[in-house]
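J.: Numbering-wise (the numbering used here), the sequence shown opens with residue 243 and increments by one. Think of the CB as a built atom: it goes at the ideal place given N, C-alpha and C, for glycine as much as any other residue. Just so you know, these numbers come straight off a predicted model, no measurement behind them.
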Amino acid sequence: MLEDLLTVSKKLLETDTPRRQTNRLTTAGAQLSNRLLIVLLRVKELEREDRILAEHRLRTMNVAALMISLVAVIVSIRFVLRPMESSVLEAQDRLEAARHDAEHARLRFDTMADNMPGALFERRERPDGSFTFDYFSAKLPGLFGTTPEEVSADGKALCANLLPEDQNAFLARLAECSANLTSFEEKVRVLHPDKGLRWVMVSSLPFLQPDGSRIWYGSVMDITDWVESEVRAAEAAEDLKRSHERLTLVTEIAPVGLYELRKTDDGLFEFPYVSGRFAEFAGIDMAEILENPSNLLPVVASEDRPELVKSIGRSADDLKHWRMRFRVIRPKSGLLWLSGAAIPRQEANGSIVWTGAVLDVTPDAIREEALRNAHRLAEQMRADNEKQALHDGLTGLPNRRYYDRVVAERLEKARNDVRQDCTLIRLDLDHFKQVNDTLGHEAGDKVLVRVAEVLRDSIRASDFAARIGGDEYSILLAQGQTEDDASALVARIQEKLAEPLIYDGRQCRIGASFGIAHVEDLAETGTDIQMFADAALYRAKEGGRNCLKSFTPALHQSLIEDRRLAIEIHEAIEADQFVPFFQPQVSAADGRLVGAEVLLRWLHPARGLLLPGDFLQMAEQLRLVSDIDRIMMEKSHDALARWRAQGLTIPKISFNVSSGRMHDPGIVALARKMRSTDTQVTFELLESILVEEESDQFRMHLDMVREAGIEIEIDDFGSGHASIIGLTEIDPSALKIDKRLVDPVAPGSQALSLVGAIVEIAETLGIETIAEGVENAEQAILLRDIGCSFLQGYHFARPLSEKQFFEYAYLPDRKSA
243 MLEDLLTVSK KLLETDTPRR QTNRLTTAGA QLSNRLLIVL LRVKELERED
293 RILAEHRLRT MNVAALMISL VAVIVSIRFV LRPMESSVLE AQDRLEAARH
343 DAEHARLRFD TMADNMPGAL FERRERPDGS FTFDYFSAKL PGLFGTTPEE
393 VSADGKALCA NLLPEDQNAF LARLAECSAN LTSFEEKVRV LHPDKGLRWV
443 MVSSLPFLQP DGSRIWYGSV MDITDWVESE VRAAEAAEDL KRSHERLTLV
493 TEIAPVGLYE LRKTDDGLFE FPYVSGRFAE FAGIDMAEIL ENPSNLLPVV
543 ASEDRPELVK SIGRSADDLK HWRMRFRVIR PKSGLLWLSG AAIPRQEANG
593 SIVWTGAVLD VTPDAIREEA LRNAHRLAEQ MRADNEKQAL HDGLTGLPNR
643 RYYDRVVAER LEKARNDVRQ DCTLIRLDLD HFKQVNDTLG HEAGDKVLVR
693 VAEVLRDSIR ASDFAARIGG DEYSILLAQG QTEDDASALV ARIQEKLAEP
743 LIYDGRQCRI GASFGIAHVE DLAETGTDIQ MFADAALYRA KEGGRNCLKS
793 FTPALHQSLI EDRRLAIEIH EAIEADQFVP FFQPQVSAAD GRLVGAEVLL
843 RWLHPARGLL LPGDFLQMAE QLRLVSDIDR IMMEKSHDAL ARWRAQGLTI
893 PKISFNVSSG RMHDPGIVAL ARKMRSTDTQ VTFELLESIL VEEESDQFRM
943 HLDMVREAGI EIEIDDFGSG HASIIGLTEI DPSALKIDKR LVDPVAPGSQ
993 ALSLVGAIVE IAETLGIETI AEGVENAEQA ILLRDIGCSF LQGYHFARPL
1043 SEKQFFEYAY LPDRKSA
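Put into structure tokens, the structure is as follows:
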């Protein structure tokens, strides 16, 4: 191409006028620039995503850049030669300079093309099918195992060393692209005379010329190393696949389910691997287990779930082998007993990995259960044979077992015969514990015997009275008795119980509360009649004791609501509806935020935000308070982490904890986890604990809490009868003064003096004070002035959600004393 330009330039200088020389040279330069631009377009089109060819195409871009520079030189010739009209000599000088520049550009182009990986070429294909190579870089012949002379003499020499089985397909594909003027890219094998079998990639793009010929601009690249690496990778993948298939067959044949469980350093669990047998045991699709491990826990029987979680936690803590037998209830195939075992190991990143197996031991469990049932049956038969098995040894009345049997018989008769009514009376002695505590258990036994005698003397022969347990009795009236009959019977019993009992020369008066339940159809009500009578008895005790209450529709509705509430509490735990709210505690001296008390709230889907008074009593009856406490601490821990990530650190966080919950290792562990951060964890204990809890076990639990770095505060101080000695034994970090003492605080008030006395006692003992229920600025100032350490109440903020508390912490105008 550059030689053409030089030849044309020479002829122009010898024959034409300056104007014609300029025009012709400009035309020739334009033609050459167009050809170079076509080469540039071809080079750019050859840029592929192939990793092996990327380097070659990047260097080709450098060649393209050189071509652009050459085009710029040629275009500049047009502007250089225009002034030739005025001076032939000047035009000749400039033309000679242009020729020199073109020659220099050609040398640069050839040098770069010859030294790039691969080769470039320009191939001319004539209408008759013959072709020649107008240009090719130095490496092209070597890639095909031939010589430059052979390629120059006959372009077909490049195909001489192609494998015969590749040659026909190669030429057919080339002809197809030529006919359609589409880009050509083909891998082909070359039997190189020196290097043996080689793979080359040929890429080219045809351009149709006015005379019907086609000019191909393209490149050739040796891709042998890339092809061989692909083959090796495919072979390795096939070997791995075969190994995996063999291992999979082994795990599927084995009667155990294999798994690998990982606990990350942030406490999350995941299954990197489970076998098909493991998924079969669980009754869950393997993909669901791998995607979300929490799908597995609901399959475990609810009775076994807590221990399963705890045992895994223990294994994580001490890195000892894990073993457990538990039940799974599969969605489709029902109950299965599994025996699991795993070996834990801790990895470098802090995560813990269990490698283990589970085995179906259902047949063994069934046999063991059958043996237990047989043993229970033998025990029951032995008990039935004992004469006193159905009677209370102290009072001689039928016992709970006898009572249950009679109720079952009455219920069975009601279901099988005609409709039967039923009237049940529940009786519970008032202040019976006080009798035992003041007069002794022997006096208590006398009272229980006296009650039994009164019942026997008051009921008819067809009625049935039993001591259910402790100081509780039940009277089942004969069929046909009404609620009025039951009331009359209760009146007779109360009259006789009112007569004083003399024990050891001292009078002992007996009072009792009664609950009556009457139903017209026992078969319809079933054993719920006992619940009705208990509910009426509970209302009687709430109403002042030593009285009678009957089960009414209103009481029935209340019972239904209690049942609904119980169900909703269970659902709330499952639906994660219990949330912590945080009430700020501020320094009385300067108003800075010093801590927060965690308060339980229920985000009820229908009733909105509920306070503990709306549901906590039912939660205690359901024994779910420990679960709710755990949820509060876990969510508070997460809230602290989120606040800390946003730059907010709370110096102290307080939780209301009962004395019975202090020994819960889960609660203490959660508190210790929070304590490991920059936040001090505090347990608030009611003042009544100082009076009620004086056992060694309580003190031991208290020491465990302190060893965990958790501080103790006495809540509602001033509401009980705690002694100074008890206070020093507990050694709390702070006293929270009861809101009922703070409410009436005003200038010159008795309440202010009383609170001041508490503050003085606390200061003497080296204990800080927190005033609860501060409602206004005046109270805040008064409490600050008498030396109260910290303040808490609506004057500063109501209990706040996590987001609201964070916003409150950064308020510039927070209220202070």
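Pick from 480, 439, 421, 478: whose alpha carbon is nearest that of residue 458?
T.: It is 421 whose Cα lies nearest to the Cα of residue 458.
J.: For residue 550 and residue 710, what's the separation of their Cα atoms in angstroms?
T.: Each residue's Cα considered, the two are about 36 Å apart.
J.: My understanding is that residue 631 touches residue 643, with C-beta atoms under 8 Å, so please give their C-beta distance in whole angstroms.
T.: Indeed they touch by this definition, with Cβ atoms about 7 Å apart.
J.: Does the separation of the CB atoms of residue 909 and residue 975 fall below 9 Å?
T.: It is not a contact, given that the beta carbons lie outside the stated cut-off.
J.: Taking the alpha-carbon of residue 562 as reference, which of 596, 514, 845, 882 has the nearest alpha-carbon?
T.: The candidate whose alpha carbon is nearest that of residue 562 is 596.
J.: For residue 920, count neighbouring Cβ atoms within 10 angstroms of its own Cβ and tell me buried if that reaches 16, exposed if not.
T.: With fewer than 16 Cβ atoms within 10 Å of its Cβ, residue 920 is classed as exposed.
J.: Do you know whose CA, among 418, 379, 586, 914, lies nearest residue 349's CA?
T.: Minimum Cα distance to residue 349 is reached at 379.
J.: Assign residue 446 to one of three DSSP states: helix, strand, or coil.
T.: Three-state DSSP puts residue 446 in a strand.
J.: Where are the beta strand (DSSP E) runs, 3 residues long or more, that stay fully inside the segment 868-912, in chain order?
T.: Runs of the beta strand (DSSP E) inside the segment 868-912: 894-898.
J.: Using 8 Å for Cβ pairs, my map puts residue 844 next to residue 857. What's the rounded Cβ distance?
T.: So it is a contact: roughly 6 Å between Cβ atoms.
J.: Below 8 Å on the Cβ atoms is my contact criterion, and I expect residue 977 with residue 1000 to pass it. Report the Cβ-Cβ distance as a whole number of Å.
T.: Rounded, the Cβ-Cβ distance is 7 Å, consistent with contact.
J.: Please classify residue 473 as buried or exposed, where buried requires at least 16 neighbouring CB atoms within 10 angstroms.
T.: With fewer than 16 other Cβ atoms within 10 Å, it is exposed.
J.: On the three-state DSSP scale, how would you describe residue 644?
T.: It is helical.
J.: So, at 7 Å on beta carbons, what are the nonlocal neighbours of residue 1054 in its own chain, with the 5 sequence-adjacent residues on each side left out?
T.: Excluding residues within five positions, none has a Cβ falling inside 7 Å.
J.: Over what stretch of residues does the alpha helix (DSSP H) that includes residue 390 continue unbroken?
T.: That run of the alpha helix (DSSP H) goes 390-395.
J.: Quick one: what does DSSP say residue 721 is sitting in, helix, strand or coil?
T.: Here residue 721 sits in coil by DSSP.
J.: Which whole runs of the alpha helix (DSSP H) in the segment 545-614 are 4 residues long or more, in chain order?
T.: Entirely contained in the segment 545-614, the alpha helix (DSSP H) runs reaching 4 residues are, in chain order, 547-560.
J.: Once DSSP output is grouped into helix, strand and coil, what is the label at residue 1036?
T.: Of the three classes helix, strand and coil, the one that applies to residue 1036 here is coil, per DSSP.
J.: Would you mind sorting residue 454 into buried or exposed? The rule is 16 or more other CB atoms within 10 Å of its CB.
T.: Exposed: under 16 other Cβ atoms inside 10 Å.
J.: Taking the alpha-carbon of residue 900 as reference, which of 928, 728, 914, 886 has the nearest alpha-carbon?
T.: The residue with the shortest Cα to Cα distance from residue 900 is 928.
J.: Going by the beta-carbon positions, is the gap between residue 410 and residue 433 smaller than 9 Å?
T.: For residue 410 and residue 433, no; Cβs fall outside 9 Å.
J.: Helix, strand or coil, according to DSSP, for residue 332 in the structure here?
T.: Looking at residue 332 - three-state DSSP - the assignment turns out to be helix.
J.: Check whether the Cβ atoms of residue 543 and residue 577 lie closer than 9 Å to each other.
T.: Yes, the pair counts as a contact, with Cβ atoms nearer than the cut-off.
J.: Looking only at its own chain, which residues have a Cβ that is under 6 Å from the Cβ of residue 427, when we skip the five neighbours before and after it?
T.: Within the same chain, residue 427 has close Cβ partners 445.
J.: Tell me whether residue 1052 sits in a helix, a strand or coil according to DSSP, three-state version.
T.: Coil, per DSSP.
J.: Which residues in the same chain have their Cβ closer than 8 Å to the Cβ of residue 750, if we skip the five residues on either side of it in sequence?
T.: Around residue 750: 677, 681, 685, 688, 689, 742, 743, 744.
J.: Are the beta-carbon atoms of residue 691 and residue 738 separated by less than 9 Å?
T.: Not closer than 9 Å, so no.
J.: So which of 622, 990, 985, 940 has the shortest CA-CA distance to residue 971?
T.: Selected option, being the one with the closest Cα: 940.
J.: Assuming residue 463 is part of the alpha helix (DSSP H), what are its boundary residues?
T.: Not the alpha helix (DSSP H): residue 463 falls in the beta strand (DSSP E), residues 456-464.
J.: Measuring CA to CA, which of 675, 418, 822 is closest to residue 712?
T.: Answer by Cα proximity: 675.
J.: Does residue 726 pass the burial test, meaning 16 or more other C-beta atoms within 10 Å, or should it be called exposed?
T.: Burial call: exposed.
J.: Thinking C-beta only, is residue 706 closer than 9 Å to residue 640?
T.: For residue 640 and residue 706, yes; Cβs fall inside 9 Å.
J.: In chain order, which continuous runs of the beta strand (DSSP E) of length 3 or greater are located wholly inside the segment 760-810?
T.: Counting only runs of 3 or more, we get 790-792.
J.: Rounded to whole angstroms, what's the CA-CA distance from residue 949 to residue 547? Just pull it up for me.
T.: C-alpha separation (whole angstroms): 29 Å.
J.: Whose CA, out of 1015, 1014, 1017, 1044, lies closest to the CA of residue 880?
T.: Considering only alpha carbons, the answer is 1044.
J.: As a quick exercise: from 1027, 651, 1031, 553, pick the residue whose alpha carbon is nearest that of residue 1004.
T.: The residue with the shortest Cα to Cα distance from residue 1004 is 1031.
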